[in-house]
Amino acid sequence: MKNKKLIIAGVFSLITIGTMNAQKKPHLDKTKPIEERISLLMKEMTLEEKVGQMNQYNGFWEVTGPAPKGGNAELKYKHLRDGWVGSMLTVRGVKEVRAVQKIAVEETRLGIPLIIGFDVIHGYKTLSPIPLAEAASWDLEAIKKSASIAADEASASGINWTFGPMVDISREARWGRVMEGSGEDPFLGSKIATARVKGFQGETRADLAKVNTIAACAKHFAAYGFAEAGKEYNTVDIGNATLYNTVLPPFKAANDAGVRTYMNSFNILNGIPATGSPFLQRDILKGKWKFDGFVITDWASIREMISHGFAKDGAEASEKAVKAGSDMDMESYLYVAELVKLVKEGKVKETLVDDAVRRILRVKFELGLFDDPYRYCDEKREKAIIGNKANNDGVLDMAKKSIVLLKNDKNLLPLKKSGQKIALIGALANDKNSPLGSWRIAADDNSAVSVLEGMQQYKDNQLTFEKGADLTIGKTSFVAELVFNTTDKSGFDAAKKAAANADVVVMVLGEVGFQSGEGRSRTNLDLPGVQQELLEEIYKVNPNIVLVLNNGRPLALPWAAEHIPAIVEAWHLGTQTGNAVAQVLYGDYNPSGKLPMSFPRNVGQCPIYYNHFNTGRPANVDKNVFWSHYTDVEKTPQFPFGFGLSYTTFDYKNLKINKTAFAKGEAVKVSVEVTNSGNYDGKEVVQLYIHDVAASLARPVKELKGFELIELKKGETKTVTLTLTDKELGFFDNDGNYLVESGTFKIMVGGSSDKGLESSFELE
Ligand code: BGC
């Protein structure tokens, strides 16, 4: 009874405080529409406070870019107390988040809560596979689920905004950040962008107010993935056809899915830094696409416009950035230093500042931060959610779905479960850190299940492990340059002995987790260190090798592709790596992944991608040298986009189109019969490609325009129907207009981009 009274009294006083707050601060009145609440609040704000909302600082201890000059903790605390900080990044954990939020809410004049950002790229603490690996699943539901697990954990840790998904299309295996994206194709990339945005934010804008969703951020706007020669942060110089048809579609898809923020990019695009580009941010994003959330800059990218030679000093850089539509400054320390002055001098209109602030506040209101600034700060939830069993089961499922079987000659896979002597070789097989991949700031080091641990679960075989050789010298980390041990082969003999005594050798080779990601461009796509030598030495004593690859980008492994009978692409699969790999190797899970990027034969083929244009001389018709090719290597990739095997086989027949000619706007129905003709139940990604034969702008030789992931029991047949509409049949011209043109369309349907059943239809 006494307790009840206390509760009633407590509730009553909360209501009273709430009403008092609402009376004192009308923007806290929940019954009012958000736009009105924003206006009420903005009326109270000084110019300084408005500019403060446009300023974001990193946590005082974690840095994901060059440490900013003059950025000391003391100054940041002062700015926080003065109400000059709108957001913080990389503060994490309920305790830490609560501490900074408390300053913003309880010590500043207006008590505007912070929005707390974090790079939740492939999971928070429980890690799912790197995004490129997830893309290989082509399983949109699984990808959405994976993002929702990440949102669940991050939100339980005080975070309410992720800097993801990265939707940069890239054809550059040399570029380290391909691990963060969905690969080379804008159609697949758009579908995945949608899935990830919804996974993070929920299905509708209203879902953002739930405590287990977080605001997403489509990055990096735009064209960062087209850095020349794959060199990090490099110049991008592409035509509008590529911009509109290849780069922008996933960003647009993210907007259609309701993404609440965008991050701009470090690169210059056709001479103009993205951060200072009104064309990208004002004309396209906020103009044509009517995006009403806000744009955060990339780390110090306003300041970097000085190095680009686009601004003479911080003031000019700030002026250009704000005019271009960059709403929030991440770590340049420039808006907070320059904007008030720029407005007072009349160089920047206050309406531009107002527009940015309104956008930022809108997202804060939508997240429910004004209703309860501590809603993400619940210790009990933090304890219950982070690393729980359901999340581990979820990322294991995603990890299995991400594995791609590249080669399986002699049916070496799946491995027999008993009576086998298996030699497991390679330092990566016993590595509990590397499988976590890059961008895993919140994960505990060495928290992955290693391949060795996964294989040890299968106890009826005799398993021996030898590392053969180390990959790196010293400890790897997110910020450190890697040093490779290229000489120490002292472990080779023991590895050879183990291999010679084994029925099957499983070799886990590739890149360490931190060899891809930001700042990790490479000019070689081979196996780093002495791994190639180790592979060839082992092959001499036992050629029954299953090569399990760990990598964050396509590798070029022509020798392995020719000699090694079984190759499994296992990327960096996150926390549950070892269990996923072992279950696939032993056939408890039949792999169904398909490559989201072409794997070249050698680095000289880069950039190589399936949806290229035809040259005037695509084939060697005249049997001479004057055709489009290389003289030293075939022009096709080693493993094409969309390629991936299964332990079973699939036959395609009876490709049909419901008519031969269509009017614009009509739906083209393409159907095909797929049969599981092998010995295992399995899954297949049925892919539909089109080619617009003649158009006012040349069209690529093939473009993915539909796919479906199907499951077939052994011996089962299914008819799959895929639909093409104007949305898939058109393209953008150089001015960004969408055109659907009459003419002949060829189609191809199959299980990979390089071959399938063909047909055609007319669009009238
Ligand atoms: C990266 C962004 C990231 C940001 C914050 C930058 O270096 O380019 O993708 O979100 O740092 O960590």
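Counting from 1, position 635 in the sequence shown corresponds to residue 635 in UniProt numbering; the numbering is continuous, with no gaps.
Quick reminder that beta carbons are idealized off the backbone N, C-alpha and C, glycines included.
query	result
Give the secondary structure of residue 191 by DSSP, where H, G and I count as helix, E and B as strand, and everything else as coil.	helix
Cα-Cα, which of 511, 728 and 104 is closest to residue 738?	728
Any heavy atom of ligand 1 inside 6 angstroms of the beta-carbon of residue 175?	no
Please confirm whether any heavy atom of ligand 1 lies closer than 6 angstroms to the CB of residue 313.	no
Is there contact between the segment 423-440 and the segment 457-471, where contact requires at least three CB pairs shorter than 8 angstroms?	yes
Given the structure, does residue 163 come close to ligand 1, in the sense that its CB is under 6 angstroms from one of the ligand's heavy atoms?	yes
Taking the continuous alpha helix (DSSP H) assigned at residue 342, which residues delimit it?	335-344
Sort out for me which residues DSSP pairs residue 273 with in a bridge.	268
Do residue 300 and residue 327 have their C-beta atoms within less than 7 angstroms of each other?	no
Is it true that the segment 262-274 meets the segment 197-208, where meeting means three or more beta-carbon pairs spaced less than 8 angstroms apart?	no
Regarding residue 298 and ligand 1, is the C-beta to nearest heavy atom distance less than 6 angstroms?	yes
In the DSSP assignment, find the unbroken beta strand (DSSP E) run with residue 768 in it and report its ends.	The shown model of the chain, from 1 to 764, leaves out residue 768, and the question about it has no answer.
How about residue 55 and residue 84: do their beta carbons lie closer than 7 angstroms?	yes
Apply the 10 Å Cβ neighbour rule to residue 304 and answer buried if 16 or more other Cβ atoms are within range, or exposed otherwise.	buried
Please state whether DSSP places residue 301 in a helix, a strand or coil.	coil
Is residue 119 near ligand 1 - that is, is its Cβ less than 6 angstroms away from at least one heavy atom of it?	yes
To which residues of the same chain is residue 655 closer than 6 angstroms at the C-beta, ignoring the five residues directly before and after it?	672, 749, 757 and 759
Let's test the definition: count the other Cβ atoms within 10 Å of the Cβ of residue 1 and tell me whether it reaches 16, buried, or not, exposed.	Low confidence applies to residue 1: its pLDDT is 38, below 50, so where it sits in the model is not reliable, and the reading given next is rough at best. Classification of residue 1: exposed, given that the 10 Å Cβ count is below 16.
For residue 797 and residue 401, I'd like the C-alpha separation in whole angstroms.	Outside the displayed range of the chain (1 to 764) lies residue 797, so it cannot be described from this structure.
For a test of the three-state rule: what should DSSP assign to residue 764, helix, strand or coil?	coil
CB-CB under 8 angstroms to residue 188, same chain, minus the five flanking residues each way: which ones, in chain order?	135, 138, 182, 596, 704 and 707
For residue 587 versus residue 244, is the C-beta distance shorter than 7 angstroms?	no
Entirely within the segment 310-396 and at least 4 residues each: give me those alpha helix (DSSP H) ranges in chain order.	314-324, 335-344, 350-366 and 379-385
Please work out which residues of its chain come closer than 6 angstroms, Cβ to Cβ, to residue 213, disregarding the five sequence neighbours upstream and downstream, and give them in chain order.	151, 201, 202 and 207
Taking residue 220 as part of the beta strand (DSSP E), name the residues at either end of that continuous run.	217-221
I think residue 686 touches residue 717, with their Cβ atoms under 8 angstroms apart; what is that distance to the nearest whole Å?	Between residue 717 and residue 686 the Cβ distance is about 12 angstroms, and since that is not below 8 angstroms, they are no contact.
Restricting to runs no shorter than 3 residues, where is the beta strand (DSSP E) found entirely within the segment 663-692?	668-676 and 682-692
Within this structure, are the beta carbons of residue 694 and residue 743 separated by less than 7 angstroms?	yes
For residue 706, list the residues DSSP reports as bridge partners.	688
Select from 112, 101, 77 and 413 the residue whose C-alpha is nearest the C-alpha of residue 646.	413
From which residue to which residue does the alpha helix (DSSP H) around residue 251 run?	248-256
According to DSSP, is residue 559 part of a helix, a strand, or is it coil?	helix
Do residue 637 and residue 628 have their C-beta atoms within less than 7 angstroms of each other?	no
Would you mind working out which of 747, 649 and 76 sits nearest residue 714, comparing C-alpha positions?	649
Taking the runs of the alpha helix (DSSP H) that are 4 residues or longer, which of them lie wholly in the segment 392-459?	451-456
Does DSSP put residue 576 in a helix, in a strand, or in coil?	coil
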